[in-house]
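Peer 1: What the sequence shown shows, in this note's numbering, is residues -9 to 152, in sequence order.
Okay, handing you the structure first.
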Amino acid sequence: MAHKAIGYFEKERQAVEALLAQVPEERWAAVRREDGWTAVEILGHMAAATDGLAQVARYTLEHGRPSFKEPFDIDRFNEGHHRRHAGLSLAEIRAEWEAAAGRVADFLSSLSPEQWQHPASTPWGLGQTVEDVMLAATYHLRSHRLELEALLRPKESGDAHH
Ligand code: NI
């Protein structure tokens, strides 16, 4: 039976794909979060962060130790994503997302039961195993997917129908 973390990831991946299929392209570039990030840039961050956490887990499995030594600055990390994605089109970011999601799915399906339980943590010190890191990646994806849904599909107020 597939590991439960694969099912959680695939469910999130499908929810992101559904948003991409349902929301017109111009809306992705037009809506902004309070801090100025567009929905396109948030999707770019989701792709980069999910891929990045899979790389952390993969490196730890291959080398027996984490790749990061310096204290992790999450604000700098996020701002780096924002700069790298600024001005890119939805099509460009969507291609990045699909490539990243494919790499992560391949990585998850490659893991043996022992590898899921191998010691690992996120760069900010969360979790104790590869499983924990990849669950954290999916929860992070989920939190931004819910954020995107609220931005892209605002609920109409009841009054609008009167
Ligand atoms: Ni984030």
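Glycine included, every Cβ here is placed at the ideal spot set by N, Cα and C.
How many angstroms separate the CA atom of alanine 38 from the CA atom of proline 144?
Peer 2: The residue given as residue 38 occupies position 48 in the sequence shown. The residue given as residue 144 occupies position 154 in the sequence shown. If you take the alpha carbons of alanine 38 and proline 144, they lie about 26 angstroms apart.
Peer 1: Tell me whether the beta-carbon of leucine 51 lies closer than 8 angstroms to the beta-carbon of histidine 130.
Peer 2: Numbered from 1 along the sequence shown, position 61 holds the residue referred to as residue 51. Numbered from 1 along the sequence shown, position 140 holds the residue referred to as residue 130. Contact: no.
Peer 1: Based on DSSP bridge pairs, tell me the residues matched to threonine 128.
Peer 2: Residue 128 sits at position 138 when you count from the first residue of the sequence shown. In DSSP, threonine 128 forms no bridge with anything.
Peer 1: Would you please state the rounded distance, in angstroms, between the beta carbons of tryptophan 106 and histidine -7? I believe it to be under 8 angstroms.
Peer 2: One-based indexing of the sequence shown puts residue 106 at position 116. One-based indexing of the sequence shown puts residue -7 at position 3. Between histidine -7 and tryptophan 106 the Cβ distance is about 6 angstroms, and since that is below 8 angstroms, they are a contact.
Peer 1: Taking only runs of the beta strand (DSSP E) that begin and end inside the stretch -5 to 65, which ones reach a length of at least 3 residues, in chain order?
Peer 2: Counting whole runs of 3 or more residues, the stretch -5 to 65 contains no beta strand (DSSP E) stretch at all.
Peer 1: Within a Cβ cutoff of 8 angstroms, which residues of the same chain sit near alanine 126, ignoring the five residues on either side of it in sequence?
Peer 2: The sequence position of residue 126 within the sequence shown is 136, counting from 1. Cβ neighbours of alanine 126 beyond the five flanking positions: Leu43, Thr112, Leu116, Gly117.
Peer 1: Shortest alpha-carbon distance to valine 30 belongs to which of Gln45, Gly(-3), Arg74, Gly54?
Peer 2: Taking the sequence shown and counting its residues from 1, one reaches residue 30 at position 40. When each option's Cα is compared against that of valine 30, the closest is Arg74.
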